[in-house]
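Visitor: Take this structure, written in structure tokens, and hold onto it; I'll ask about it next.
Residue numbers (my numbering): -1 to 691.
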């Protein structure tokens, strides 16, 4: 009882030390934001110079090839083409056109629901348009997009409009009992599955674009379609798909990109990174920007339609168009780079739809027209269902992005490189995967304050400069007395203040503790995101766009704190351990694997493995620990190979939703770790401490 009382007093004393804050206000939040912006600007400036240096058609062709190759690789390898098994499931006729309900399989048992709008007032073969739906909950069937499809078909275009995964009839998370999706339709479904896709080195966009490629395949099976006159047109999330498809699909003759094109320099600080399919890992680091989507299609006619008050910044759109127009001009095709803007907000509103008609008629029908939209009567959404129940899940079943990605993950996991690597080789693989920067010397540290506590301990508030322009806050608590102390680095993803009780207990036992907030946590955590996205999501995506996973950046912060701590005269540099809580446990695991001088590691309440994230239908707060393509290299329990024979203790491991694992599941997850310690004759050094046991 007395010991517990003393621990309580120490914790209270620590909490009283200004709540363990090192810097008042949001200074460190701003510093992190400026640091990331500065890193991005280096890439933007380098790209600007490369684009300005384009002078000849040969140079433009080389740039176009680079863009095409990079995007194909970034999307993740496309699967082989298998039978479409296309079938018309119904339809109806209206004045001047008919609508066919279509279902096809872009991959085996991966069902795509679509509507084909066929002109009745023109002669085949028709020019055709792949209609890519934006992020409407009802996909292809929302009124705004129906206006566009009907407006095109009335002008003699055959239109194939399809539901992207997670929208319309293709809910990926449909509950048969409630008749509702347990993950909201649209971007939330995309982000849920998209996070899992990153772990296999693919993207959610892979599935959208493959569906669109197979839509082109379907159009080419129809005798009423002119194979040389196929275009793509879409708005918002559909504009995103239009931009990508224009780059990777050589059979297209023209493109329309509405309410998407801008420039990352403006988007970065405005609404920021958004949906899973719009953020490619390493995109900015690869020297790419929005303009490259049009360059990747040059010299085919492609136009960007913009809104002055759109959340895709108009200044960025104007700058991108000026750049693209010049590049098309090098090819003698300046008129094939189109631009239209209107003083309104985001959406495929009538002015942009009419600009769509003008562009498509000019380049696919050889007509200069005003594009005036006729009177249009959209259908009730249920009239456009291609399935009997209005949901693939209840009409056809089949695969989902999650299930296909899980199958891919299982194959990668079974043959992952970690199984064949030595501990030293594994460290190299891990360091490369998380893009860990080299470190040398001792980081610069500013001592903000030093206070002697009533129990004789000393609390030092520090700012550790882990990279130029970036400081992370730390609180070093030294026990009472003199001599060299064993030490622990403490990391809690909720912030170092949440670790006060653990710190107090360790200090009372004679261990010095350096509790730090790696970048993005604690004092540098943003209070809110933008455009409906969480600050954690947007921070992680900014890091990924720069080609550096956030978890890798945070591991670097921890290792720099270690470099500093072992130089202090009060610390025994040969006795420094690490403790991580929640996602901080993942950071601690990486740090211990990469730094052999860390004596032991304790993980509390951390997700068991990346495979657990991929296998689970849903997950929570995982984007910050994502490493793209990691499962072909290693999983978290494999890192034990690089830690053994040093002590590794796993306390209360969690599933991807934060629930405690039972003993059997936990033992299965950490089987590779336990086995490796056993093979070294050090099984007792690995402890799996499951709650309730």
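Glycine included, every Cβ here is placed at the ideal spot set by N, Cα and C. Everything numeric in this text was worked out from a predicted model, so none of it was measured.
Taking residue 95 as part of the beta strand (DSSP E), name the residues at either end of that continuous run.
Guide: Looking at the DSSP string, the run of the beta strand (DSSP E) that includes residue 95 is 95 to 105.
Visitor: Curious, which full-length beta strand (DSSP E) runs of at least 3 residues does the stretch 489 to 567 contain?
Guide: The stretch 489 to 567 contains these whole beta strand (DSSP E) runs: 510 to 514.
Visitor: Specify, as a first and last residue, the run of the alpha helix (DSSP H) that residue 430 falls within.
Guide: Residue 430 -> alpha helix (DSSP H) spans 421 to 431.
Visitor: Residues bridged to residue 569 by DSSP?
Guide: Its beta-bridge partners are 483.
Visitor: Pairing CB atoms from the stretch 132 to 140 with CB atoms from the stretch 379 to 392, are three or more of them under 8 angstroms?
Guide: Yes, the stretch 132 to 140 touches the stretch 379 to 392.
Visitor: DSSP state of residue 652, grouped into three classes?
Guide: In this structure, residue 652 counts as strand in the three-state DSSP scheme.
Visitor: Please determine, among 593, 238, 395 and 129, the residue with the shortest C-alpha to C-alpha distance to residue 436.
Guide: Residue 436 has its Cα closest to that of 593, out of 593, 238, 395 and 129.
Visitor: Can you grab the Cα-Cα spacing for the pair residue 522 / residue 268, in whole Å?
Guide: Using only the alpha carbons, I get a separation of about 19 angstroms.
Visitor: Please report how far the alpha carbon of residue 445 lies from the alpha carbon of residue 481, in whole angstroms.
Guide: Spanning the two alpha carbons is a distance of roughly 21 angstroms.
Visitor: Classify residue 326 as helix, strand or coil using the three-state DSSP reduction.
Guide: Correct three-state label for residue 326: helix.
Visitor: Quick test of your reading: residue 475 and residue 510, contact by CB under 8 angstroms. State the CB separation rounded to the nearest angstrom.
Guide: Confirmed, Cβ separation roughly 7 angstroms.
Visitor: To the nearest angstrom, how far is the alpha carbon of residue 640 from that of residue 438?
Guide: Whole-angstrom Cα-Cα distance: 21 angstroms.
Visitor: Between the Cα of residue 220 and those of 158, 167, 566 and 275, spot the shortest distance and give me the residue it belongs to.
Guide: Considering only alpha carbons, the answer is 158.
Visitor: Roughly how many angstroms separate the alpha carbons of residue 664 and residue 601, rounded to a whole number?
Guide: Between residue 664 and residue 601, the C-alpha separation is close to 13 angstroms.
Visitor: With DSSP as the reference, label residue 255 as helix, strand or coil.
Guide: Of the three classes helix, strand and coil, the one that applies to residue 255 here is strand, per DSSP.
Visitor: Please report how far the alpha carbon of residue 391 lies from the alpha carbon of residue 168, in whole angstroms.
Guide: Going by the C-alpha atoms only, they are around 7 angstroms apart.
Visitor: Is the stretch 655 to 664 in contact with the stretch 441 to 456, if contact means three or more CB pairs nearer than 8 angstroms?
Guide: Not touching, per the Cβ criterion.
Visitor: Determine, using beta-carbon pairs with one atom in the stretch 207 to 221 and one in the stretch 633 to 647, whether at least three such pairs fall under 8 angstroms.
Guide: No contact exists between the stretch 207 to 221 and the stretch 633 to 647.
Visitor: Once the 5 residues before and after residue 105 are set aside, which same chain residues still bring their CB inside 6 angstroms of it?
Guide: Here the set comprises 77.
Visitor: Can you tell me which of 560, 493, 187 and 287 puts its alpha carbon nearest to the alpha carbon of residue 65?
Guide: Answer by Cα proximity: 287.
Visitor: Can you tell me whether residue 298 is helix, strand or coil according to DSSP?
Guide: In the structure shown, residue 298 sits in coil (DSSP, three-state: anything other than H, G, I, E or B).
Visitor: Determine whether the beta carbon atoms of residue 637 and residue 608 lie at a separation below 7 angstroms.
Guide: Their beta carbons are not under 7 angstroms apart, which means residue 637 does not touch residue 608 by this criterion.
Visitor: Given a threshold of 16 other Cβ atoms within 10 Å of its Cβ, counted over all protein chains shown, does residue 682 qualify as buried or as exposed?
Guide: By the neighbour-count rule (16 or more Cβ atoms within 10 Å), residue 682 is not buried but exposed.
Visitor: Can you give the Cα-Cα distance for residue 419 and residue 675, rounded to whole angstroms?
Guide: Taking the straight line from one Cα to the other gives about 15 angstroms.
Visitor: Within 10 Å of its beta-carbon, does residue 235 have 16 or more other beta-carbons around it, so buried, or fewer, so exposed?
Guide: By the neighbour-count rule (16 or more Cβ atoms within 10 Å), residue 235 is buried.
Visitor: In whole angstroms, give me the CA-to-CA distance for residue 424 and residue 632.
Guide: In a straight line, the C-alpha of residue 424 is about 8 angstroms away from that of residue 632.
Visitor: Does DSSP classify residue 397 as helix, strand or coil?
Guide: DSSP places residue 397 in coil when its eight states are reduced to three.
Visitor: Spatial neighbours of residue 74 within its chain, please: C-beta separation below 8 angstroms, excluding the five flanking residues on both sides.
Guide: Answer for residue 74: 195, 198, 199, 200, 201 and 204, listed in chain order.
Visitor: Quick one: using the 10 Å Cβ neighbour count with 16 as the cut-off for buried, is residue 306 buried or exposed?
Guide: Classification of residue 306: exposed, given that the 10 Å Cβ count is below 16.
Visitor: Determine the extent of the beta strand (DSSP E) in which residue 685 is found, giving its start and end residues.
Guide: Unbroken beta strand (DSSP E) run through residue 685: 684 to 687.
Visitor: What does a CB cutoff of less than 6 angstroms around residue 274 pick up in its chain, not counting 5 residues either side in sequence?
Guide: Closer than 6 angstroms at Cβ, skipping near neighbours: 188, 189, 192 and 202.
Visitor: Suppose the cutoff is 8 angstroms on Cβ atoms and the five residues either side in sequence are ignored; what does the same chain contact list for residue 42 look like?
Guide: Same-chain partners within the cutoff: 262, 263, 282 and 287.
Visitor: Going by beta-carbon coordinates alone, are residue 395 and residue 62 separated by less than 7 angstroms?
Guide: Result no, Cβ atoms of residue 395 and residue 62 do not sit closer than 7 angstroms.
Visitor: I think residue 454 touches residue 478, with their Cβ atoms under 8 angstroms apart; what is that distance to the nearest whole Å?
Guide: That pair is a contact at about 3 angstroms.
Visitor: Comparing C-alpha positions only, which one of 614, 627 and 606 sits nearest to residue 668?
Guide: The candidate whose alpha carbon is nearest that of residue 668 is 606.
Visitor: Are three or more beta carbon pairs between the stretch 229 to 249 and the stretch 120 to 134 nearer than 8 angstroms?
Guide: Output reads yes: the stretch 120 to 134 touches the stretch 229 to 249.
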